[in-house]
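In my numbering, the protein residues as written are 64 to 195. All residues carry an ideal CB built from backbone N, CA and C; glycine is no exception. What you are looking at is a predicted structure, and each value in this text was computed from that prediction instead of being measured. Each remark here refers to the structure printed beneath this line.
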Amino acid sequence: MAKSIFKYILISFFLLILIFLIHTKILSCNNHSPYSNQIILTYLFNFIVAVLIILGLYIVRKKHKDNLGYLFMAGSLLKFVLFFILFYPIYKSDGEMSKIEFFTFFIPYFSCLIIETLTLIKLLKFLDSNPS
């Protein structure tokens with residue numbers, strides 16, 4: 064299972080790079096600066112926190128099997144709290160959060176959330192098939 068977790072992390076990394084490239088291309092094609100609004104930092108932040116959540120769930124998988132869903136939701140809550148501490152003040156510094164600023168954070172957020180969810184599903188299936 065450990066190899067599988069690292070495989071998911073590696074796949075997540077390359078998938079997020081692909082999403083990043085598509086995201087920046089769309090911004091560029093619509094005459095927006097593709098690397099503004101802390102976009103690189105938001106992708107890195109979301110990836111790093113997603114990896115920490117996945118690894119955290121993997122580490123406690125046997126001891127807290129019945130609570131993995133709650134721990135997963137706590138990780139998502141932590142991501143939101145960190146967003147409001149780290150990014151929200153930057154985005155609201157001009158008095159409003161534009162659509163571009165919103166999507167700059169939430170595209171990688173939801174991409175990582177999907178990846179985390181799929182990884183948790185795989186982990187839970189593995190634990191159900193290997194109860195020891």
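Using 10 angstroms around the beta-carbon of residue i, count the other beta-carbons present and answer buried if the total reaches 16, otherwise exposed.
i    : result
G158 : exposed
G138 : buried
T180 : exposed
S75  : buried
L120 : buried
P152 : exposed
F135 : buried
N93  : exposed
Residue i lies in the alpha helix (DSSP H); which residues open and close that run?
i    : result
F173 : K162 to S192
P152 : Y151 to Y154
Y106 : I102 to I122
Just confirm the distance between the C-beta atoms of residue i and residue j, as a whole number of angstroms; I'd bet it's less than 8 Å.
i    : j    : result
F150 : T182 : The Cβ separation is near 24 Å, so there is no contact.
S174 : I82  : 5 Å
L131 : L187 : 7 Å
I72  : I122 : Contact flag wrong, Cβ pair sits at about 14 Å.
For residue i, which residues of its own chain have a beta-carbon under 6 Å away from its beta-carbon, when the five flanking residues on both sides are left out?
i    : result
F147 : none
I89  : none
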